[in-house]
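Chemist:
Protein chains: 2
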Amino acid sequence: MPSLPSGLLGDLDPTSDRAVFRQIADQLREAIDRGRFKEGEKLPSEAELVEHYGVSRMTVRNSFSILQGEGLVHAEHGKGVFVRPRPPVRRLASDRFARRHREQGKSAFIVEADAAGSHPQVDSLEVKEEKAGQDVSARLGSVRRVLARRRRYLLDGRPVEFATSYLPLDIARGTQIAEPNPGPGGIYARLEELGHRLDHFEEEIRARMPSPAEVKTLRLASGVPVIHLIRTAYDTEGRAVEVCDTVMAADAYVLSYQLPAT
Amino acid sequence: MPSLPSGLLGDLDPTSDRAVFRQIADQLREAIDRGRFKEGEKLPSEAELVEHYGVSRMTVRNSFSILQGEGLVHAEHGKGVFVRPRPPVRRLASDRFARRHREQGKSAFIVEADAAGSHPQVDSLEVKEEKAGQDVSARLGSVRRVLARRRRYLLDGRPVEFATSYLPLDIARGTQIAEPNPGPGGIYARLEELGHRLDHFEEEIRARMPSPAEVKTLRLASGVPVIHLIRTAYDTEGRAVEVCDTVMAADAYVLSYQLPAT
DNA sequence: CACGCTTACTCGTATAGACGAGTGAGCAAG
DNA sequence: CTTGCTCACTCGTCTATACGAGTAAGCGTG
Chain A
0 MPSLPSGLLG DLDPTSDRAV FRQIADQLRE AIDRGRFKEG EKLPSEAELV
50 EHYGVSRMTV RNSFSILQGE GLVHAEHGKG VFVRPRPPVR RLASDRFARR
100 HREQGKSAFI VEADAAGSHP QVDSLEVKEE KAGQDVSARL GSVRRVLARR
150 RRYLLDGRPV EFATSYLPLD IARGTQIAEP NPGPGGIYAR LEELGHRLDH
200 FEEEIRARMP SPAEVKTLRL ASGVPVIHLI RTAYDTEGRA VEVCDTVMAA
250 DAYVLSYQLP AT
Chain B
0 MPSLPSGLLG DLDPTSDRAV FRQIADQLRE AIDRGRFKEG EKLPSEAELV
50 EHYGVSRMTV RNSFSILQGE GLVHAEHGKG VFVRPRPPVR RLASDRFARR
100 HREQGKSAFI VEADAAGSHP QVDSLEVKEE KAGQDVSARL GSVRRVLARR
150 RRYLLDGRPV EFATSYLPLD IARGTQIAEP NPGPGGIYAR LEELGHRLDH
200 FEEEIRARMP SPAEVKTLRL ASGVPVIHLI RTAYDTEGRA VEVCDTVMAA
250 DAYVLSYQLP AT
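So the protein sequences, as listed, match chains A and B.
When we follow numbering that gives the first Met the number 0, the leftmost residue of the first sequence carries the number 0, and every step to the right adds one.
When we follow numbering that gives the first Met the number 0, the leftmost residue of the second sequence carries the number 0, and every step to the right adds one.
#1: How about E201 (chain B): is its C-beta nearer than 8 angstroms to some C-beta of chain A?
#2: With DSSP collapsed to three states, give me the class of E45 (chain B).
#3: Using the rule of at least 16 other Cβ atoms within 10 Å of the residue's Cβ for burial, across every protein chain shown, is G194 (chain A) buried or exposed?
#4: Beta carbons nearer than 7 angstroms to chain A: which residues of the region 167-199 of chain B have them?
#5: What are the boundary residues of the alpha helix (DSSP H) that includes L219 (chain B)?
#6: Are the Cβ atoms of A260 (chain A) and F96 (chain B) separated by less than 8 angstroms?
#7: For the 8 angstroms Cβ check, are there 3 or more pairs between the region 16-28 of chain B and the region 42-61 of chain B?
#8: Under 8 angstroms, Cβ to Cβ, is there at least one residue of chain B near P13 (chain A)?
#9: Starting from L258 (chain A), find everything on chain B with Cβ-Cβ shorter than 7 angstroms and list it in chain order.
#10: Mind pulling the chain B residues with CB within less than 8 angstroms of P43 (chain A)?
#11: How far does the alpha helix (DSSP H) with G68 (chain A) in it reach, from first residue to last?
#12: Taking the alpha-carbon of A115 (chain A) as reference, which of A:H100, A:L139 and A:R89 has the nearest alpha-carbon?
#13: Give a yes or no on whether 8 angstroms exceeds the smallest Cβ distance from V19 (chain A) to chain B.
#14: Report the rounded CA-to-CA distance for V126 (chain B) versus R148 (chain B), giving the unit in angstroms.
#15: Identify each residue in the region 62-85 of chain A for which the Cβ-Cβ distance to at least one residue of chain B is less than 8 angstroms, and report them in chain order.
#16: I'd like to know whether the C-beta atoms of A249 (chain A) and V225 (chain A) end up nearer to each other than 8 angstroms.
#17: On a Cα-Cα basis, can you pick out the residue from A:K78, A:P84 and A:G77 that is closest to L71 (chain A)?
#18: Among the residues of its own chain, which have a CB less than 8 angstroms from the CB of V223 (chain A), if the five just before and after it don't count?
#19: Using the beta-carbon of each residue, which ones in chain B are nearer than 8 angstroms to S255 (chain A)?
#20: Are the CB atoms of Q175 (chain A) and R189 (chain A) within a distance shorter than 8 angstroms?
#21: Cutting at 7 angstroms between CB atoms, please list the residues of its own chain near S216 (chain A), excluding the five before and the five after it.
#22: At 8 angstroms on the CB atoms, spell out the chain A contacts of P224 (chain B), in chain order.
#23: Give me the DSSP bridge partner(s) of V214 (chain A).
#24: Terminal residues of the continuous beta strand (DSSP E) containing A248 (chain B)?
#25: Only counting the same chain, and skipping five residues up and downstream in sequence, which positions put a Cβ closer than 6 angstroms to that of E201 (chain B)?
#26: Mind checking who Y233 (chain B) pairs with in its DSSP beta bridge?
#27: At least one CB of chain A closer than 8 angstroms to the CB of S106 (chain B): is that the case?
#28: Helix, strand or coil, according to DSSP, for R189 (chain B) in the structure here?
#29: Of all the CB atoms in chain A, is at least one closer than 8 angstroms to the CB of S221 (chain B)?
#30: Give the interface partners of T261 (chain A) over in chain B, defined as CB-CB distance under 8 angstroms, in chain order.
#31: If we call anything under 8 angstroms between Cβ atoms a contact, is C243 (chain B) one with S164 (chain B)?
#32: Taking the alpha-carbon positions, what's the S106 (chain B) to A92 (chain A) distance?
#33: In three-state terms, what does DSSP make of P164 (chain A)?
#34: Enumerate, from N- to C-terminal direction, the unbroken beta strand (DSSP E) stretches of 3 or more residues contained entirely within the region 109-142 of chain A.
Listed below in structure tokens is the structure:
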């Protein structure tokens, strides 16, 4: 029976009105914050903590579930509970759609990831016509049906982003935009070739907990929120020509915007 | 013993390999999504679900804890478990720091909230000199000590945002910026009066689960992430003159940015 | 050496029971 | 009528136990 290194974790305060499982979670959280447990390192097993604190197993599990909810640790069946490593983040700059980045052949995602030394991958591409949802229809100016382009982005095998572009059929139908591979510079380059010179983008950002479906497609650990970004592209005539709905694993992204002080 | 209205919730599938508590959570989630339980409405009590499904109470509680983690429901001791109402959101537009909005006397937060019909409030103001953290120091260009302005924003009594502005001492010391009330137009107006004409802002956005301290100051329900925004203000000489670190309750905000297609 | 089995340890799921504490309705005493 | 109590119902916390299933190391057999 391996006993816990003394000093790593303290004792419970029986006089405190703070619940025992919260006290245990507090101590573990503090130990992690102080670096006593490092990234990827294994925490004491449930059995060890049961012995150390003299509580029942469910109480210890309750503590772990708090820390899981905070995204601090993750459990691996048969192995143990580990401090969650912080994945490298992808920075999205506000000039990422500037025309000058659009000349090359490869997509922005590929170029950027290559530069950062990661292995990029685009996945589960689906391109089809469908009925526009209420929100998309409103943003595109009351269109009924749209062309939807769905794809998932992965970095080093890990899914980090799931995006769907919606375009009005009168613009996209029959063009290369309706092909799985939209060609060099992506759909924005094609839109401009079709006479829709892009004027500006509008991005709306929300953060929330993922739905079960999002947990599945992004393989999210519990306690990781998503960033939900909805971008609308406008041409120089003021028409909305594309809506892109993107769900990103929040632990993999930092968004960066530049605002004029006008 | 009040029995559950039949048809509201289905039965368990004993042949499924999906855990019982997950199946129950799935059914409750679906019922909420379909509007069978409305916002603020009470879900069946633990005892009722125990009877309906023929499982133990801990299993039902386990289901509830999943939904709580997703931010869908919240429990009230002695009353029941309720569908979480979606609070009204505050939209932050990317022109919110435009010079034209700075002429008025009141702060942007107050003006905007009044217009939206909510009751705004600013709270727990603290203004003091302190040692700059590593990150702030790097952003401000290696300054040691800074003036820190801390405040909390509330809408209709609910805390929604906690912000700290950091300014280099050589700019802020002895000016009205170091006063609790910075005067009409806020500290940006004062900075310009002091000869630091603002050129642009840079905003970095992350989303994550809150720390226990953030849960406390923002009175966050479980399952609500925070948006962490770090804004740096640059003057026309390219100097960083302010860093503003903001933590927002994610269920209360939508951020909106306008990007040129340059 | 390679394969498969056992074994010990890990977390996952579920049951049953106990006591505590907040809430609100109803009732009885003043 | 008002106050204060009781009681039923709610969720919160904790214990004890059981079995299942994934993991990894050790060991024996072929």
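Each residue gets a CB set at the ideal place from its N, CA and C atoms; glycine is no exception.
Modeler: Well, looking at it:
#1: Answer yes: the Cβ-Cβ gap between E201 (chain B) and chain A drops below 8 angstroms somewhere.
#2: Note: E45 (chain B) maps to helix in three-state DSSP.
#3: Classification for G194 (chain A): exposed.
#4: Hits within the stretch, in order: L197, D198 and H199.
#5: Unbroken run through L219 (chain B): none, as it is neither H nor E.
#6: Cβ atoms of A260 (chain A) and F96 (chain B): closer than 8 angstroms.
#7: Taking 8 angstroms as the limit for Cβ pairs, the verdict is that the region 42-61 of chain B does touch the region 16-28 of chain B.
#8: Contacts with chain B at 8 angstroms (Cβ-Cβ) do not include P13 (chain A).
#9: Ordered by position in chain B, the residues that pass the 7 angstroms Cβ test against L258 (chain A) are S93, F96, H199, F200 and E202.
#10: Chain B residues near P43 (chain A): none, gap ~21 angstroms exceeds 8 angstroms.
#11: For G68 (chain A), the enclosing alpha helix (DSSP H) has its first and last residue at R56 to G68.
#12: Answer by Cα proximity: A:R89.
#13: Closer than 8 angstroms: no.
#14: Approximately 5 angstroms between the Cα atoms of the pair.
#15: Result list: S64, G68, E69 and G70.
#16: Contact flag set, yes.
#17: The shortest Cα separation from L71 (chain A) among A:K78, A:P84 and A:G77 belongs to A:P84.
#18: G70, P209, A248, A249 and D250.
#19: Under the 8 angstroms cutoff, chain B gives E201, E202, E203 and I204.
#20: Note that the C-beta distance between R189 (chain A) and Q175 (chain A) is below 8 angstroms.
#21: Checking the displayed sequence, the identity of residue 216 (chain A) turns out to be Thr instead of Ser. If the five residues before and after T216 (chain A) are omitted, its C-beta is found closer than 7 angstroms to the C-beta atoms of R151, P158 and F161, all from its own chain and listed in chain order.
#22: Here the neighbours are A206, R207, M208, P224 and A249.
#23: Paired residues: none, contrary to the question.
#24: Here the beta strand (DSSP E) through A248 (chain B) covers A239 to A248.
#25: A distance below 6 angstroms between beta-carbons, with the five flanking residues on each side excluded, links E201 (chain B) to the following residues of its chain, in chain order: T231.
#26: Paired residues: B:H199 and B:A239.
#27: With its beta carbon at least 8 angstroms from every one in chain A, S106 (chain B) lies outside the interface.
#28: Helix, per DSSP.
#29: Yes, S221 (chain B) counts as interfacial toward chain A.
#30: Under the 8 angstroms cutoff, chain B gives D94, A97, R98 and R99.
#31: Between C243 (chain B) and S164 (chain B), the gap from beta carbon to beta carbon is short of 8 angstroms.
#32: So the two alpha carbons sit approximately 29 angstroms from each other.
#33: The sequence given here has Ser at residue 164 (chain A), not Pro. Strand, per DSSP.
#34: Segments of the beta strand (DSSP E) lying fully in the region 109-142 of chain A: 119-130.
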